[in-house]
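Engineer:
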Amino acid sequence: MKNGAGFYNWPDGSKYSGEWRDNKIWGQGFYEWEDGKSYRGEWVDNEMHGEGEYKWPDGRVYKGSFQNDKKHGYGIYTYPDGRVYKGMWQNGLQHGEGTFVTSDGVHRLGEWNKGKRLMWLEGKDCTSLASTRSKTSKQSSEMPVKLQAMVTQ
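Residue 435 is where the sequence shown ends in this note's numbering, and the numbering goes up by one at each step.
Below, the structure written as structure tokens:
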């Protein structure tokens, strides 16, 4: 019976290195599937559960909360082309409010329901850090900049 820290290689090429409890993946660990996907983070009863980072071979990355092997709670999903979704997830799908950042840096605050965007939220502020240059000092500084959400459907 596996308990404590250890590793295991499955016949299909998948492998795990991390903590075990009663022969189950439980605690902190790193799992890599045979197809190149990987997860580093918290596990409970053989499932991704808690905070972690999931990566796909094509460059996609999700960093955030998991529950019962699914994205759940707050998380950041980054696409290979630089687009980013920062917001709430439920049962593996975008759900609730989130900020979508285009590959050219435009921030849009929106509302999602079960993975589908319902609308861009008009009149709500979307706050992000943007690099600005002071006219007097000519030095770059990081400061909050409020961007008005755009309405497009």
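We treat Cβ as the ideally placed atom computed from N, Cα and C, and that holds for glycine.
All figures in this text were calculated on a predicted structure; none of them were measured in a lab.
Quick check on Lys353: buried or exposed, where buried means 16 or more other Cβ atoms within 10 Å of its Cβ?
Structural biologist: Flag for Lys353 reads buried.
Engineer: For Lys396, which three-state DSSP category applies?
Structural biologist: Lys396: coil per DSSP, three-state reduction.
Engineer: Per the DSSP calculation, Ser299 is bridged to which residue(s)?
Structural biologist: BP columns for Ser299 point to Phe289, Phe312.
Engineer: Comparing alpha-carbon positions, which option in Tyr367, Trp308, Gly355 lies nearest Arg399?
Structural biologist: Nearest C-alpha to Arg399: Tyr367.
Engineer: In the DSSP assignment, what residue or residues form a beta bridge with Val383?
Structural biologist: Answer is Val366, His389.
Engineer: Could you tell me how far apart the beta carbons of Gln310 and Glu316 are, in whole angstroms, since I believe they sit closer than 8 Å?
Structural biologist: About 22 Å separates the two Cβ atoms, so there is no contact after all.
Engineer: Expressed to the nearest angstrom, what Euclidean distance is found between the alpha-carbon atoms of Lys319 and Met283?
Structural biologist: Each residue's Cα considered, the two are about 27 Å apart.
Engineer: In terms of residue numbering, what span does the beta strand (DSSP E) encompassing Arg249 cover?
Structural biologist: Because the chain in this structure spans residues 283 to 435, residue 249 falls outside the shown range and cannot be described.
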